[in-house]
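According to this note's numbering, numbering within the sequence shown proceeds without interruption in unit steps and concludes at 149. Each residue gets a CB set at the ideal place from its N, CA and C atoms; glycine is no exception. If you're wondering where the values come from, they're calculated on a predicted model, not measured in any experiment. Data first, discussion second: the structure below is written as structure tokens.
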Amino acid sequence: MKTSARNEFSGTIQSIVNGAVNTEVVLDIGEGHELVSVITHDSAASLGLKVGGKAIALVKAPWVIVTRADSKLRTSARNKLCGVVAYCHEGAVNGEVIIDLGQGKQLAAIITNESLKGLGLEAGIPACAHIKASHIVLAVEE
């Protein structure tokens with residue numbers, strides 16, 4: 008499977024909860040990390056999602072909110088993955104931040120250069136990635 012999403016996490020479906028409008032899916036991506044995705048009922052049905060089944064979470068790098076790990080900021084984003092900044096790359100307007108989540112897992116985020124500097128992000132700084140549940144696209148292998 009090829010996609011333009013920079014972040015791809017394979018995992019096992021831990022729970023599926025049908026709400027009035029959407030379906031909430033909890034995916035265990037290993038090493039104590041979980042991702043919660045909110046998708047439509049039709050999407051859940053067409054993917055054939057089942058507890059214990061496998062799925063892939065896709066997250067585009069610009070959809071990720073980055074904070075320092077010691078931040079007291081609270082967000083409405085359902086997902087929070089913390090690790091250590093592996094490296095940062097500054098572009099003309101935006102910068103790329105790679106957070107090492109451990110055990111070979113990394114997460115890429117695109118943030119403004121102003122935010123990159125303002126947060127003081129550089130290799131070795133503990134940081135967290137916040138991702139709204141509605142920004143996680145689920146896929147399954149056929």
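- Taking G109 as the centre and dropping the five residues before and after it, the same chain places the C-beta of E38, G90 closer than 8 Å to its C-beta, in chain order.
- Excluding its 5 nearest sequence neighbours in each direction, Y94 has C-beta neighbours in its own chain below 6 Å: I105, A130, listed in chain order.
- L123 and I143 have their alpha carbons spaced roughly 23 Å apart.
- Distance from the Cα of L42 is smallest, within the candidate group A76, G18, G111, for G18.
- When secondary structure is reduced to three states using DSSP, G90 falls in the strand class.
- Just measuring C-alpha positions, the residue of N14, V147, H40, I132 sitting nearest V71 is N14.
- The three-state secondary structure of S44, taken from DSSP, is strand.
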